[in-house]
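To start, the structure itself, in structure tokens.
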Amino acid sequence: MKNLKMIHKFTWLILFSLLVNFQIVKAQQAPCGTDEYWNQQKMQRPALEKARMKAELHAQSIKGAAFKTVPDTQTLNIPVVFHVISTSSRPVNTNLSACRDQIKKLNADFSATNTDVGNVRSIFKSRIGNSHINFSLALKDPNGNPTTGVTHDTSILTRNADDSVKSVVDWDPDFYFNIWIVHDISTATSSGVEVAAYSTFPWQGLVSKRTDGIVIEYTSFDNATYRMLSHEVGHYLGLYHTFEGGCTGGDSVDDTPPV
């Protein structure tokens, strides 16, 4: 198994200059809470903003060379573990089959082989590309035992979930991509709309790796038409929203303009 710490460190740098599938970063059907989460975190931990600035300066310094970092023939594999958190009164019935389906969606979206890739607007079609990133369910747990890549735990923290739910169970983020599936999330957008999912950015793991990963409501995770997880994984690997900072900002990737 490749060390996820190294993969996580370098794949987001690649994404800064990689031509990605626009479907991954476009607005989703349900609200993303990553911006609100990031703003809360950087206020609580000033070191996070310093880590972000350092990371972005480094990304800009290698921007022109990023294509040479990973050849087209090489694929980076990221082992995923889904943590299903539930209670009898707040059931989360996500099963192994649903998790496998999400892995298939992720791999299709990040390789531009998704069935609706033809719906990308014509002005972006020349920008579609394969990220050469593969996601797979973890095969071994932290103790070296066989695993399905899905855990099930009981905790009231699945209700109004926030980062505290990550204390229920987390596998070493240097080797696993942790995704917590919960009943509902406490965070709301600035307009008061309930959030369906949120993610850490790569540089947050440099300051507090125990929060590294994604929290997502089961209703969005299990929904066959939603691409919420693909959207959040984009953030996990370092992508901002295309509307970041308004019409003068953007996601810092040249394949899409600020919108």
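Counting from 476, one number per residue, gives the positions in the sequence shown under our numbering. No residue lacks a Cβ here, since even glycine has one placed at the ideal position from N, Cα and C. Computed from a prediction, not measured in an experiment: that's the story for all the values here.
Residue closest to residue i, alpha-carbon to alpha-carbon, out of the options
| i | options | result |
| --- | --- | --- |
| Leu551 | Thr717, Asn618, Asn582 | Asn582 |
| Tyr673 | Val595, Ile598, Glu707, Lys600 | Glu707 |
| Asn698 | Arg602, Pro617, Gln577, Ile553 | Gln577 |
| Val670 | Met703, Pro521, Phe676, Ser642 | Met703 |
| Tyr512 | Gln679, Phe696, Glu531, Thr700 | Gln679 |
| Phe676 | Pro648, Pro506, Ser564 | Pro648 |
| Asn464 | Arg565, Lys579, Thr623 | This structure gives no information on residue 464, because the portion of the chain shown stretches from 476 to 734. |
Where residue i falls, given that 16 or more other Cβ within 10 Å makes a residue buried
| i | result |
| --- | --- |
| Val668 | exposed |
| Gln519 | exposed |
| His767 | The displayed coordinates of the chain run from 476 to 734. Any statement about residue 767 would go beyond what the structure contains. |
| Leu714 | buried |
| Asn589 | buried |
| Ala502 | The pLDDT assigned to Ala502 is 40, lower than 50, so where the model puts this residue is not dependable; a value taken from the coordinates is nonetheless given after this. Result: exposed. |
| Thr548 | exposed |
Limits of the unbroken beta strand (DSSP E) element including residue i
| i | result |
| --- | --- |
| Ser674 | 672-674 |
Residue span of the alpha helix (DSSP H) that contains residue i, given as start and end
| i | result |
| --- | --- |
| Trp513 | 509-519 |
| Leu704 | 703-711 |
| Val682 | 679-682 |
C-beta contact flag for residue i and residue j at 8 Å
| i | j | result |
| --- | --- | --- |
| Ile689 | Tyr711 | yes |
| Thr686 | Thr633 | no |
| Asp584 | His716 | no |
| Ala587 | Ile598 | no |
| Thr626 | Val640 | no |
| Gly624 | Cys574 | yes |
| Lys529 | Leu523 | no |
CB-CB length for residue i against residue j, believed under 8 Å
| i | j | result |
| --- | --- | --- |
| Ile654 | Val555 | 6 Å |
| Val592 | Ile656 | Contact flag wrong, Cβ pair sits at about 26 Å. |
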